[in-house]
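Asks: For the sequence shown, the UniProt record's numbering assigns the number 1 to the initial residue and increments by one for each residue that follows.
Yeah, the Cβ is synthetic: ideal placement off N, Cα and C, and Gly gets one too.
What you are looking at is a predicted structure, and each value in this text was computed from that prediction instead of being measured.
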Amino acid sequence: MASRRHEQEHEESSLQAAEAELSSARIVLESIKEEGLRFTTSIERTRRETARVTDEIPRLTEQEKAASAQARSRLEAVTAADERADETISKLAAILRQLEDDAEAAEKEKTLTETENRRAMSDAENIDAEIAAAEQRIRESVRELGAARASEAAATARLKAIVESATLATAAAATSRSSSSRNVTNSRSPGSSTST
């Protein structure tokens with residue numbers, strides 16, 4: 001009896017151990033099933049994502065092409081703008097150099113003009129002085145000419161008076177000689193008759 005009971009207890013213990021292992025195996029199996037389900041779900045999600053990405057690739061490629069074309073267009077526009085800016089800068093630099101040259105030339109012209117103006121003013125002052133001196137000489141010459149004319153008139157008057165005086169004296173002398181001659185002739189005429 002004791003041996004039979006011992007066997008029953010051993011069988012019960014083995015059964016309990018087997019049930020425990022079975023329960024543990026079921027738990028592991030359930031865990032494996034859940035893991036498989038999660039893996040399957042993950043694979044399905046990956047597949048759907050792959051399909052979506054595959055579907056997106058053409059659109060993304062077109063977007064990339066469009067973005068590349070737009071970037072290339074913008075780059076060309078920026079390059080053209082840079083070239084225009086460089087050209088504008090070159091033109092402005094040339095204009096600035098021309099303005100600087102013009103300003104320098106204008107300054108030189110101004111200096112030359114001022115020098116010429118000062119020279120012209122000096123020449124004008126010299127000319128005015130020469131004109132004043134010439135006018136003074138002319139006035140002195142006029143005065144000298146007036147004095148010479150006055151002296152000439154006085155000399156002419158004196159000469160005229162002398163000539164008139166000499167003429168009168170000559171006429172008087174001639175008249176006197178004529179009278180004397182007639183007197184001599186008259187005085188001789190009676191004597192001649194008497195002698196005859």
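#1: At which residue ranges does the stretch 123-164 contain complete beta strand (DSSP E) runs of 3 or more residues, listed in the order of the chain?
#2: To the nearest angstrom, how far is the alpha carbon of Asp101 from that of Glu109?
#3: Tell me which same chain residues have a C-beta within less than 7 Å of the C-beta of Glu62, skipping the five on either side of it?
#4: In angstroms with no decimal places, state the Cα-to-Cα distance between Met121 and Ala134.
#5: Expressed to the nearest angstrom, what Euclidean distance is found between the alpha-carbon atoms of Ile89 and Thr115?
#6: Please report how far the alpha carbon of Ala173 lies from the alpha carbon of Ile138, in whole angstroms.
#7: Express the C-alpha separation of Ala157 and Ala148 in angstroms, rounding to a whole number.
Replies: Looking at the coordinates:
#1: none
#2: 12 Å
#3: none
#4: 19 Å
#5: 38 Å
#6: 50 Å
#7: Note on geometry: alpha-carbon atoms of Ala148 and Ala157 lie some 14 Å from one another.
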